[in-house]
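Right, one structure below, let's go through it.
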Amino acid sequence: MKLNDTQLKQVDAQIKRLIKTDSYYGKMYRDLGIDSITSQEDFEKIPFSSKADLRNAYPLGIQAVPDEEVVRIHSSSGTTGKPVIIPYTAKDVDDWAIMFARCYETAGITNKDRIQITPGYGLWTAGIGFQAGCEKLGAMAIPMGPGNTEKQLQMMIDLKATVLCATSSYALLLAEEIERRGMKDQIFLKKGVIGSERWSEKKREYIHDKLGIELYDIYGLTEIYGPGIGINCDKQTGMHYWDDYLYIEIIDPVTGEPVEDGEEGEIVITTLVKEGAPLIRFRTHDLSRIIPGECPCGSKHPRLDIIRGRSDDMFKVHGVNMFPSQVEELLGQIDGVSSEYNINIAHDDEINKDVILITAEAEGRVNFEKTGQLIKEAFKSKMNVTPRVTVVPVGTLPRSEKKTKRVFDHREE
Ligand code: ZN
Numbered sequence: 173m174k175l176n177d178t179q180l181k182q183v184d185a186q187i188k189r190l191i192k193t194d195s196y197y198g199k200m201y202r203d204l205g206i207d208s209i210t211s212q213e214d215f216e217k218i219p220f221s222s223k224a225d226l227r228n229a230y231p232l233g234i235q236a237v238p239d240e241e242v243v244r245i246h247s248s249s250g251t252t253g254k255p256v257i258i259p260y261t262a263k264d265v266d267d268w269a270i271m272f273a274r275c276y277e278t279a280g281i282t283n284k285d286r287i288q289i290t291p292g293y294g295l296w297t298a299g300i301g302f303q304a305g306c307e308k309l310g311a312m313a314i315p316m317g318p319g320n321t322e323k324q325l326q327m328m329i330d331l332k333a334t335v336l337c338a339t340s341s342y343a344l345l346l347a348e349e350i351e352r353r354g355m356k357d358q359i360f361l362k363k364g365v366i367g368s369e370r371w372s373e374k375k376r377e378y379i380h381d382k383l384g385i386e387l388y389d390i391y392g393l394t395e396i397y398g399p400g401i402g403i404n405c406d407k408q409t410g411m412h413y414w415d416d417y418l419y420i421e422i423i424d425p426v427t428g429e430p431v432e433d434g435e436e437g438e439i440v441i442t443t444l445v446k447e448g449a450p451l452i453r454f455r456t457h458d459l460s461r462i463i464p465g466e467c468p469c470g471s472k473h474p475r476l477d478i479i480r481g482r483s484d485d486m487f488k489v490h491g492v493n494m495f496p497s498q499v500e501e502l503l504g505q506i507d508g509v510s511s512e513y514n515i516n517i518a519h520d521d522e523i524n525k526d527v528i529l530i531t532a533e534a535e536g537r538v539n540f541e542k543t544g545q546l547i548k549e550a551f552k553s554k555m556n557v558t559p560r561v562t563v564v565p566v567g568t569l570p571r572s573e574k575k576t577k578r579v580f581d582h583r584e585e
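Below you can see the structure in the form of structure tokens.
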């Protein structure tokens, strides 16, 4: 999807404003001689921005307005090294709330709803984003934050909460608890707004069934306001995102070249009107695709598909790039195979070749040898690699509460 005229002008204005500042990107663009953009080609010549830049600019090097205009900071949980600090102006905070309220509306939530907010409050952008959007919409916020399941359930019942905002893991925990206590007929929940991450269809179905609620994936990241920049509508055909605040490109994560609409790649976001910390071409490392065409709901806002994983999880065998999401898709099409698997990759010096071993779980009713053969053929035809395959009974592979490590690359050791 190309920049439209308005977006092009907005990006040009962002660049012109940035280069007048001594912010991290202001200096960078000045040094690179970038002073304006008038076309898509100009835009695509601007280097990507990244989380590494934001770490280099720690704590406030990215700030692009005078101190007196900053009203708040947020910080993203750095998994390694320094955290990232993002300054917000009053307008940024308000724009974010407007986007978030639009998310609630897109999910059919109104000012009559009572929204139980379980994501955390604090430095990160979760709880406060859900709350500001709720207040902007005019709905009743029940600002619980995470944990204390006893109190969560009490409030949910006594206040007749109609909307639950949660991570998929916490929604699952609450669903299981409500099931265990036989409290389903005491709750009034109709909808769940779930922070977008890659979560399995099985988990979605469980939460949907046990709580009897419609589920909506909300997208966002701290570097770009926070959650609330996109959500799916009732048609459940991908997440609408707010193209009057953001421009989204999908790129090939390896070459950095933009891909066609409909093709999978990495989401790269440009903020169009952000003041405190504008970002041009920010690499999110989230994998998805732009869904071409218009949504049956009639909204003109473009759509992103659900997040398919992270480009950091990519691995390469025989020169072919692979993502865990592709492996899951292939395995999901084979009868009797569970969602659990792992992949070991090693280099065999004797034959001077990478050897890939896939261990997959299958139900006892299927023939393991035949299933292994099907997996092998699927990989050969779809990915152009021929793995060795071991099929083991369901329950054999380790389960983890957190993100399960699936790819073990022994080549770097
Ligand atoms: Zn729609």
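Going by our numbering, the sequence shown opens with residue 173, and the numbers climb by one from there. Here a beta-carbon is modelled for each residue, glycine too, at the ideal position from N, C-alpha and C.
Taking 7 Å as the cut-off, is the C-beta of T409 nearer than that to any heavy atom in ligand 1?
Looking up residue 409 in the sequence shown gives position 237. With a cutoff of 7 Å, T409 counts as near ligand 1, since its C-beta is closer than that to a heavy atom of the ligand.
E512: first and last residue of the uninterrupted beta strand (DSSP E) it sits in:
Translated into the one-based positions of the sequence shown, residue 512 becomes position 340. For E512, the uninterrupted beta strand (DSSP E) segment begins and ends at V509 to D520.
So is G448 buried or exposed if we call it buried at 16+ other beta carbons inside 10 Å?
Against the sequence shown, residue 448 aligns to sequence position 276. That one is buried.
beta-carbon S460 near ligand 1 non-hydrogen atom, thresh 7 Å:
Position 288 of the sequence shown holds residue 460. With a cut-off of 7 Å, the C-beta of S460 is classified as distant from ligand 1, since no heavy atom of the ligand falls inside that distance.
Say the cut is 7 Å; is the CB of C587 nearer than that to a heavy atom of ligand 1?
This structure cannot speak to residue 587, because the chain is shown only from 173 to 585.
Taking all protein chains shown into account, decide if Q303 is buried (16 or more other Cβ within 10 angstroms of its Cβ) or exposed.
By one-based count along the sequence shown, residue 303 stands at place 131. It is buried - the Cβ of Q303 has at least 16 other Cβ atoms within 10 Å.
As assigned by DSSP and simplified to three states, the class of Q288:
Numbered from its first residue, the sequence shown carries residue 288 at position 116. Strand at Q288.
Can you list, in chain order, the stretches of the beta strand (DSSP E) that have 3 or more residues and sit fully within the segment 443-513?
454-460, 487-489 and 492-494, all fully within the segment 443-513.
Beta bridge counterpart(s) of L124 as assigned by DSSP
Not covered by the structure: residue 124. The range shown for the chain is 173 to 585.
Starting from the N-terminal side, write out each stretch of the beta strand (DSSP E) that is 3 residues or longer and does not extend beyond the segment 174-213.
None, since the segment 174-213 contains no complete beta strand (DSSP E) of that length.
Helix, strand or coil for A279 per DSSP?
Here residue 279 refers to the residue found at position 107 when the sequence shown is read from its first residue. Coil at A279, not helix or strand.
Three-state class that DSSP yields for N320 in the structure shown
Locating residue 320 in the sequence shown gives position 148, where the first residue counts as 1. Under the three-state reduction of DSSP output, N320 falls in the coil class, being neither helix nor strand.
Which residue's Cα is closest to the Cα of N283: G367, M312, W268 and R274?
Position 111 of the sequence shown holds residue 283. Cα-wise, what sits closest to N283 is M312.
Taking Cβ positions, are Q235 and K174 nearer each other than 8 Å?
Position 63 of the sequence shown holds residue 235. Position 2 of the sequence shown holds residue 174. Going by C-beta atoms, Q235 is not nearer than 8 Å to K174.
Alpha carbon to alpha carbon, how far is I350 from L325? Give it in angstroms, no decimals.
Position 153 of the sequence shown holds residue 325. Position 178 of the sequence shown holds residue 350. Taking the straight line from one Cα to the other gives about 8 Å.
Taking 7 Å as the cut-off, is the CB of S471 close to at least one heavy atom of ligand 1?
Along the sequence shown, read from residue 1 onward, the residue named residue 471 stands at position 299. Correct: S471 has its Cβ closer than 7 Å to ligand 1.
Using the three-state DSSP reduction, which class does M271 fall into: helix, strand or coil?
Residue numbering aside, residue 271 sits at position 99 when the sequence shown is read from its first letter. M271: helix per DSSP, three-state reduction.
Residues bridged to M411 [DSSP beta-bridge criterion]:
Mapped onto the sequence shown, residue 411 falls at position 239. Answer is N404 and L476.
Could you please give me the residues that DSSP links to D581 through a beta bridge?
What you label residue 581 is simply residue 409 of the sequence shown in a count that begins at 1. The partner list for D581 (beta bridge, DSSP) reads I517.
Go ahead and label S340 buried or exposed: buried means 16 or more other beta carbons lie within 10 angstroms of its beta carbon, across all protein chains shown.
Here residue 340 refers to the residue found at position 168 of the sequence shown. Its Cβ being crowded by 16 or more others within 10 Å, S340 is buried.
How would you write the range of the alpha helix (DSSP H) that D526 sits in, first residue to last?
Here residue 526 refers to the residue found at position 354 when the sequence shown is read from its first residue. In the DSSP assignment, D526 falls outside any alpha helix (DSSP H) and lies within the beta strand (DSSP E) extending over K525 to A534.
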